[in-house]
Amino acid sequence: MKHLNVLIIDDHPIIAEGYTNVLEAFSLNNTDYKLKVVSVYSIDAAINKIKTLTIKDAFDLILLDISMPPSKEHNIFSGEELGIYIKER
């Protein structure tokens, strides 16, 4: 069984919940995978989550809303810029 860590980053919680439901349905129907899904709803929450990761907890898949409000704590102004930040880490 392959374990996958998934991070959903979206400023609309209902959208993140929809993705979570789809991924959980996939996991239930496919016993080869076990998914751990985490959702955050802002750029700042995403950065804080990523900064605290250990190698063991690294995300295998990130679903990222590219049109998000700018960060209040960091110099990141969109989901696209957050994607670049994530890629660099």
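Under this note's numbering, residues 84 to 172 are what the sequence shown spells out, in order.
Where a beta carbon is used, it is the ideal one built from N, C-alpha and C, also for glycine.
Computed from a prediction, not measured in an experiment: that's the story for all the values here.
query, result
"Would you mind reading off the limits of the beta strand (DSSP E) that contains VAL92?", "Residue identity check: residue 92 is Ile in the sequence provided, not Val. 85-92 is the span of the beta strand (DSSP E), which, as asked, contains ILE92."
"Among LYS170, ASN112 and LEU111, which has the Cα closest to the Cα of ILE145?", "LYS170"
"List the DSSP bridge partners of LYS117.", "HIS86"
"State the DSSP-derived secondary structure class of LEU165, mapped to helix, strand or coil.", "helix"
"When the distance is taken between beta carbons, is HIS86 closer than 9 Å to LYS117?", "yes"
"What residue range is occupied by the uninterrupted beta strand (DSSP E) comprising LEU146?", "144-147"
"Quick one: what does DSSP say SER110 is sitting in, helix, strand or coil?", "helix"
"Output needed for GLU100: all residues of its chain with C-beta closer than 8 Å, excluding positions within five of it in sequence on either side, in chain order.", "SER122"
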